[in-house]
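Quick note: our numbering has the sequence shown finishing at residue 360, numbered continuously throughout.
Read the structure below first, then the notes.
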Amino acid sequence: MIVEHNVPLQPHNSFGIVARAQHLVRIADASDVADLLADEAWRNAPKFVLGGGSNIVITGDVKPLVLKVEIKGLRLVDEQPRAWIVEAGAGELWHDTVRWTLDQGLPGLENLALIPGTVGGAPVQNIGAYGVELQDRFESLDAIDLETGRSFTLDAAQCAFGYRDSVFKHVAPGPNDFGLAGRALITRVRFRLPRPWKAVAGYVDLERKMAETGNFTPNPRDIFDWICAIRKAKLPDWRVLGNAGSFFKNPTVTPEQCADIIARDPKIVHYPMADGSVKLAAGWLIDACGWKGKTVGNAGVYERQALVLVNRGGQKNPVTGGEVMTLAKAIQTSVYERFGIRLEPEPVVV
Ligand code: EPU
């Protein structure tokens with residue numbers, strides 16, 4: 011186990027923010043965590059688990075020991091009559107994992123193509139796109155409790171998945187409560203890919219692709235290609251223009267609140283949910299407040315999707331975490347003043 015000091019984090023966060031980890035250790039195997047916890051000097055030190063850095067805003071040098079997860083490995087672990095079970099190391103890149111499953115003839119993750127980040131980050135925020143959420147393809151995961159060193163396995167119910175939410179985002183408020191934020195390091199994730207495969211193509215952007223191409227019976231590879239094209243047209247590539255994907259969650263309101271807003275803004279984009287609530291498109295709310303294309307300091311609102319905040323300074327003169335958060339707060343204030351809705355940021359602020 012090698013602990014590195016003063017490690018630049020700019021290559022390890024998709025905003026491209028400049029900051030350093032005071033101490034960083036690379037975790038290539040579960041045994042590296044055991045070694046770390048066996049070491050008096052580090053056992054009780056505060057720790058921060060870093061995956062692909064695609065959903066974080068770094069606001070200064072990181073003092074806790076950074077555990078950079080680099081656990082690799084992709085394999086088919088079980089072939090059941092109703093599903094293939096595939097396992098991936100938490101340090102595998104998410105998109106490469108999706109591509110690998112398709113290359114193996116194991117479809118089911120194609121709607122989640124091109125999402126930045128690593129496999130280990132996927133369950134933390136229950137990544138979702140174009141009609142599929144991770145929880146729809148999830149079997150179980152292995153993790154290590156960083157306080158006790160114990161390994162454990164969680165199924166979907168134990169992960170308590172919600173919209174961009176899981177047990178890994180919550181701190182246990184009491185000794186009998188279950189919350190694993192800052193406490194668990196995910197080592198491997200297993201996916202359940204249903205057999206026979208069925209296309210999920212109900213999302214409006216995918217319906218448009220079907221109409222455009224005249225292909226109404228897409229195969230997994232068609233959907234993969236369409237998703238990649240849709241994302242490329244709508245979302246900036248973080249390697250070219252730093253960003254962390256959607257910066258806010260889509261808020262839910264009661265039907266009464268929604269009716270109120272519709273009375274004032276008939277064009278608001280809204281979707282009725284199964285539980286009776288109504289989900290609003292945060293991108294539309296931000297757009298309606300005039301933020302699209304605006305820049306404050308080196309932080310900007312992407313011109314093609316107002317839900318995405320971007321680094322306008324590039325690698326040379328990059329945005330700071332403070333600038334990103336200042337812009338985010340200004341957006342929250344104007345959306346609240348106009349619509350009475352509090353937008354909740356999606357990324358983790360470090
Ligand atoms: N809209 C506007 N103006 C904008 C942006 C959006 O009017 O500037 C409207 C669009 O016209 C559309 C609606 O808002 O009618 C929804 O936009 P979009 O289809 O782009 O989806 P989204 O709700 O903004 C969510 C996820 C994305 C995911 C897409 C596709 C969240 C927070 N975001 O975005 O996930 O890729 O749906 O499923 O749920 C991410 O989490 O980082 C992410 C990119």
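Note that beta-carbon positions come from the ideal geometry of N, C-alpha and C, so glycine has one too.
- In the three-state DSSP reduction, Gln32 falls in the strand class (E or B).
- Thr163: member of the beta strand (DSSP E) spanning Ser161 to Asp165, first to last residue.
- Of the residues assessed, Arg202 falls on the buried side of the cut-off, its CB having 16 or more other CB atoms within 10 angstroms.
- For Ala93, the uninterrupted beta strand (DSSP E) run begins and ends at Ala93 to Gly99, by DSSP.
- By the neighbour-count criterion, in which a residue is buried when 16 or more other Cβ atoms sit within 10 angstroms of its Cβ, Pro276 is exposed.
- The beta-carbon distance between Arg231 and Leu112, rounded to whole angstroms, is 6 angstroms. This is short enough to meet the 8 angstroms contact definition.
- Contact fails between the region 51-67 and the region 86-97, because fewer than three Cβ pairs, one in each stretch, are under 8 angstroms apart.
- The three-state secondary structure of Ser344, taken from DSSP, is helix.
- In the DSSP annotation of this structure, the continuous segment of the alpha helix (DSSP H) that includes Ile240 starts and ends at Pro230 to Lys244.
- DSSP places Ser41 inside the alpha helix (DSSP H), whose first and last residues are Ala40 to Ala48.
- If you check the C-beta of Val87 against ligand 1, you find no heavy atom less than 6 angstroms away.
- Here Lys219 really is in contact with Trp236; their C-beta atoms are around 4 angstroms apart, less than 8 angstroms.
- Unbroken alpha helix (DSSP H) runs of no fewer than 4 residues, entirely contained in the region 120-206, are found at 131-134 and 166-169, following chain order.
- When the five nearest sequence neighbours on each side are left out, the beta carbons in the same chain lying within less than 7 angstroms of the beta carbon of Val59 are those of Leu77, Val79 and Leu195, in order along the chain.
- Ala291 has its CB nearer than 6 angstroms to a heavy atom of ligand 1.
- In this structure, the beta-carbon distance from Ala316 to Lys302 falls below 7 angstroms.
- Contact between Val134 and Leu119 fails: their C-beta atoms lie close to 17 angstroms from each other, not under 8 angstroms.
- Shown here for Leu46: same chain residues with a beta carbon closer than 7 angstroms to its own, the five before and five after excluded, namely Met11, Val35 and Trp52 in chain order.
- Annotation for His22: Gly63 place their beta carbon closer than 6 angstroms to its own, counting only its chain and skipping 5 residues before and after.
- Within its own chain, the residues whose Cβ lies closer than 7 angstroms to the Cβ of Thr264, once the five positions on either side in sequence are excluded, are Ser287, listed in chain order.
- The Cβ neighbour count for Asn321, taken over all protein chains shown within 10 Å, is at least 16; the residue is labelled buried.
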